[in-house]
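Presented below is the structure to which this report refers.
Chains as they are written, first to last, in the UniProt record's numbering: chain Z, 1 to 317; chain Y, 1 to 176.
Given below as structure tokens:
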């Protein structure tokens, strides 16, 4: 009887590549050669992308790299007694926790740190890794730390607002997304689309109630200025230094529906109305459709369910 | 099974009397049985094709010492279908039904030796399916592997694996 292990490694990989995460774990137990082989990043990267690609972005890989490096250096577990570890950015009081690993001793003791993709896969799978993601809450997107619950196949989210609080349990996969920008949530997003914004464009805009809070993202559409007759051929709104931002979830006559902003980068607003940060133009129809579906869902569910942006109640003139 | 193979061999030997036989290529199995095939089929087998190319097509008899006369007809059948563009899910399902575990493995090794990309891809999926949900011991037997872990290594591994899935399904009954 011939052994499949006599095959060249690339050919053996053909078989291993077809195996599910569960099967790969079983292969680890077969022999020493397969134990080492079946932990390889090549095999696990695909599974990581398949299962987690929808909710993890570059930031998660970066954070995991940090945890793995700390583990290798033996610096892990110094934060507190149970070996949990968090990583922070920013300057006090705007410190922002980027990720959090529970029970990092598992990473150290089992040399998982030598197997980047597989260890990331299982710290996500087993809910030990609170990773950075964005979470839909009503009609707002919060930056949050999220962890997976494998029993219910849903997520839990923690959101920084003053202290940390748990604000979501049993969140479905659709409610979690990869962060849309690289900068962390205390920083004004530098928009590259301001010059080009014109009526009809779908956007997300940063907003926060006070300067000690992180920004959230709101969905809006660019509207016409009051002075414009809304005739496509004569509309000059795209030339104006002012843009009209429309929150479509509010009724046409509501004073929460529109806000005028300067067409410039940097935070604008005040303590009464809250502060607007950067704008992200939405190009992908998937993203726009997701918002439209959500608006329909939330507004039908309960019109009083979500908080309007405070600023929209006090338009800036 | 033996009947099927011999009937395939008959149909192949008939082609010997075919007027176009001068253009055919002879594949010689490890147990010295000659299989005449169309040159187009050789194109599917990278190893054979590069042999032909290296000799400028002068040599048309190719020894394949690593492949038995039992396995070669299957390989040829698959390549013929592939050239005709007739590889369907139904064909593959029928094809694989005829093969026991040992034959699948032998064919995989043959496909590897001949470097037939499509057959390798197909059979790797078949093998993956056949070891799915099987016990570790079953996989060892299937792959022809001895357990080379020390008791310490095994204990360590169990500890590591506790970190992966919980409630792993109980192994299926072994069958072979």
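C-beta atoms are modelled at their ideal positions from N, C-alpha and C, and glycine is treated no differently.
This structure is a prediction, so every number in the text was calculated from the model and none was measured.
By alpha-carbon distance to residue 221 of chain Z, the top candidate from Z:169, Z:260, Z:210 and Z:213 is Z:260. Contact holds between the segment 123-134 of chain Z and the segment 169-187 of chain Z, because three or more Cβ pairs, one in each stretch, are under 8 Å apart.
The secondary-structure analysis by DSSP pairs residue 145 of chain Z across a beta bridge with Z:132 and Z:158. Residue 195 of chain Z carries a helical assignment under DSSP once its states are collapsed to helix, strand and coil.
Cβ-Cβ distances below 6 Å link residue 106 of chain Y to 71 in the same chain, with the five nearest sequence neighbours on each side left out; the list follows chain order. For residue 145 of chain Y, no beta strand (DSSP E) segment is defined, and its DSSP state is neither H nor E. Between residue 213 of chain Z and chain Y, the shortest Cβ-Cβ separation is not below 8 Å. Across the structure, residue 195 of chain Z and residue 224 of chain Z are spaced so that their CA atoms are roughly 15 Å apart. Here residue 269 of chain Z is buried. Its C-beta has 16 or more other C-beta atoms within 10 Å. In the three-state reduction of the DSSP assignment, residue 68 of chain Y falls in the coil class, being assigned neither a helical nor a strand state. In the three-state DSSP reduction, residue 162 of chain Y falls in the coil class, being neither helix nor strand. At a cut-off of 8 Å between beta-carbon atoms, residue 18 of chain Z makes contact with chain Y.
Apart from sequence neighbours up to five positions away, the residues of its chain that approach residue 119 of chain Y with a beta-carbon distance below 6 Å are 78 and 111, ordered along the chain. Put simply, the backbone Cα of residue 197 of chain Z is about 24 Å away from that of residue 186 of chain Z. Between residue 19 of chain Z and residue 128 of chain Y, the C-beta spacing is below 8 Å. Note on geometry: alpha-carbon atoms of residue 145 of chain Z and residue 54 of chain Z lie some 15 Å from one another. By the Cβ rule, the segment 24-42 of chain Z counts as touching the segment 138-151 of chain Y, because three or more pairs are nearer than 8 Å.
If you ignore the 5 residues before and after residue 49 of chain Y, its C-beta comes within less than 7 Å of the C-beta of 42 and 43, all in its own chain and listed in chain order. Excluding its 5 nearest sequence neighbours in each direction, residue 241 of chain Z has C-beta neighbours in its own chain below 7 Å: 262 and 263, listed in chain order.
Nearest to residue 98 of chain Y by C-alpha distance, out of Y:161, Y:135, Y:126 and Y:28, is Y:126.
Closest in alpha carbon position to residue 56 of chain Z, among Z:170, Z:147, Z:8 and Z:113, is Z:147.
With a threshold of 8 Å between beta carbons, residue 31 of chain Y makes no contact with chain Z. A buried status is given to residue 99 of chain Z, since no fewer than 16 other beta-carbon atoms sit within 10 Å of its beta-carbon.
The Cβ of residue 48 of chain Y sits no closer than 8 Å to any Cβ of chain Z. Per DSSP, residue 98 of chain Y lies in no beta strand (DSSP E) segment and is marked neither H nor E. Annotation for residue 66 of chain Z: no beta strand (DSSP E) segment contains it, though the alpha helix (DSSP H) segment containing it runs 58-73. Judged by beta-carbon spacing, residue 37 of chain Y lies within the 8 Å limit of residue 76 of chain Y, meaning their Cβ atoms are closer than that value. The beta carbon of residue 121 of chain Z lies closer than 8 Å to those of 21, 44, 47, 48, 51 and 52 in the same chain, with the five residues before and after it left out. The Cβ atoms of residue 25 of chain Y and residue 60 of chain Y lie closer than 8 Å to each other. At a Cβ-Cβ threshold of 8 Å, residue 51 of chain Y and residue 67 of chain Y do not count as neighbours.
Residue 156 of chain Z sits buried, since 16 or more C-beta atoms from the chains shown fall within 10 Å of its C-beta.
Residues of the same chain with a CB within less than 8 Å of the CB of residue 280 of chain Z, apart from the 5 flanking positions on each side, are 180, 181, 189, 191, 193, 203, 204, 205 and 217 in chain order. For residue 220 of chain Z, the beta-bridge partners assigned by DSSP are Z:203. Residue contact with chain Z for residue 66 of chain Y: absent (no Cβ-Cβ distance below 8 Å to any residue of chain Z). Secondary structure of residue 112 of chain Y (DSSP, three-state): helix.
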